[in-house]
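Residue numbers (my numbering): 108 to 180.
Ideal Cβ placement from N, Cα and C applies to all residues, glycine included.
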Amino acid sequence: MSSTANSKGCATPKTEWPELVGCTIKEAMEKIKAERPDLKVVAVPVGTIVTQEVDPNRVRLWVDIVAEVPKIG
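Structural data, given as structure tokens:
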């Protein structure tokens with residue numbers, strides 16, 4: 108569900124960001140924080156074990172791509 112208008116024309120807060128699939132983590136975090144500064148945005152590697160509780164103040168970004176060459180240093 109994303110932002111929708113109710114019968115009185117008021118928009119509900121956005122809860123999903125499908126347009127961010129394929130964006131960088133930084134871009135996604137900035138976009139979500141710009142639209143919903145009340146939320147905590149957390150990047151989580153795919154496969155990570157996480158708690159199952161629902162937190163209406165959290166957005167998890169599931170990431171699985173190495174963006175830069177891993178190197179010593």
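- Annotation for Lys133: the continuous alpha helix (DSSP H) segment containing it runs Ile132 to Glu142.
- Short of 7 Å from the beta carbon of Ile132, and not among the five residues preceding or following it, lie these beta carbons of its own chain, in chain order: Ala150, Leu168 and Val170.
- Taking C-beta atoms as the reference points, Leu146 and Ala135 fail to come closer than 9 Å.
- Taking the Cα of Val166 as reference, the smallest distance to any Cα among Lys178, Val173, Ala174 and Glu137 is reached at Glu137.
- Straight through space, the alpha carbons of Val176 and Gly129 are spaced by roughly 19 Å.
- Distance from the CA of Asn164 to the CA of Ile172, rounded to the nearest whole angstrom, comes to 25 Å.
- Contact between Arg143 and Lys121 holds, with the beta-carbon distance rounding to 6 Å and staying under 8 Å.
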